[in-house]
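This report concerns only the one structure given below.
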Amino acid sequence: MGEGEKEGKYFVFTIYFGLFLIVALDVVAGFVAMEAEVAQQECKSPSKKAFMLGLIALGCLLAAHFITVMIGCIISAINIADRIPGFEHRTSRLIHLACISLTWIVATAGAGILMMGIWMNRESRPECGFTNKHFRSLGGKVCFLHAIVSVFMYLAFLISCSTIIFC
Numbered sequence: 005m006g007e008g009e010k011e012g013k014y015f016v017f018t019i020y021f022g023l024f025l026i027v028a029l030d031v032v033a034g035f036v037a038m039e040a041e042v043a044q045q046e047c048k049s050p051s052k053k054a055f056m057l058g059l060i061a062l063g064c065l066l067a068a069h070f071i072t073v074m075i076g077c078i079i080s081a082i083n084i085a086d087r088i089p090g091f092e093h094r095t096s097r098l099i100h101l102a103c104i105s106l107t108w109i110v111a112t113a114g115a116g117i118l119m120m121g122i123w124m125n126r127e128s129r130p131e132c133g134f135t136n137k138h139f140r141s142l143g144g145k146v147c148f149l150h151a152i153v154s155v156f157m158y159l160a161f162l163i164s165c166s167t168i169i170f171c
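FYI, in the numbering used here the residues of the sequence shown are 5 to 171.
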């Protein structure tokens, strides 16, 4: 096995491991956020358990997003598409840029919604109104959406480099 083949296998392993880690963190964040919604009894006094679960969900989402962007930027920095004759490098970069942008939008929305859910836990509420709706469970669903968008980004990369030695 040559040196180039070893590097290619390590690269593919890193991509798959990163993808698995991102999906696992997003799924954990989603389920923990929904568990925090259950722990917070609506219109009752603040729950420390719901607060901590909300923070854990937010931390998992942010960690998954950090890994997504870090590996996504590494992928976009690799200039391997120039080696393929007839391959449109610009199209690949535009698709990758769109995926990274969508990942940022989804992660920002999810973090904001989870923060609102955490913030709603600060005091007891005598009335149940619009301000006390299910932000944590909605944030959990956005965490699942972040996992889907991240998988799409990696699939777009793997499809674009399917004829390259590294992949």
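Glycine is no exception: its CB is placed at the ideal position from the N, C-alpha and C atoms.
Every value quoted in this text rests on a predicted model; they were computed, and no experiment measured them.
By Cβ distance below 6 Å, which residues in the same chain neighbour residue i in space, the five residues on each side in sequence not counted?
| i | result |
| --- | --- |
| residue 143 | 37, 114, 117, 118 and 121 |
| residue 104 | 76 |
| residue 141 | 38 and 41 |
Skipping 5 residues on each side, what residues in its chain have a beta carbon closer than 8 Å to that of residue i?
| i | result |
| --- | --- |
| residue 71 | 22, 25, 26 and 29 |
| residue 18 | 75 |
| residue 31 | 147, 148 and 151 |
Find out if the Cβ-Cβ distance for the pair residue i, residue j is shorter than 7 Å.
| i | j | result |
| --- | --- | --- |
| residue 111 | residue 69 | yes |
| residue 57 | residue 40 | yes |
| residue 161 | residue 60 | no |
Tell me the rounded alpha-carbon separation between residue i and residue j.
| i | j | result |
| --- | --- | --- |
| residue 159 | residue 55 | 35 Å |
| residue 43 | residue 107 | 29 Å |
| residue 74 | residue 35 | 24 Å |
| residue 20 | residue 150 | 17 Å |
| residue 49 | residue 145 | 25 Å |
| residue 51 | residue 63 | 18 Å |
| residue 98 | residue 147 | 24 Å |
| residue 109 | residue 126 | 27 Å |
| residue 153 | residue 13 | 24 Å |
| residue 123 | residue 95 | 42 Å |
Classify residue i as helix, strand or coil using the three-state DSSP reduction.
| i | result |
| --- | --- |
| residue 138 | coil |
| residue 154 | helix |
| residue 51 | coil |
What does a CB cutoff of less than 7 Å around residue i pick up in its chain, not counting 5 residues either side in sequence?
| i | result |
| --- | --- |
| residue 156 | 103 |
| residue 66 | 115 |
| residue 53 | 43 |
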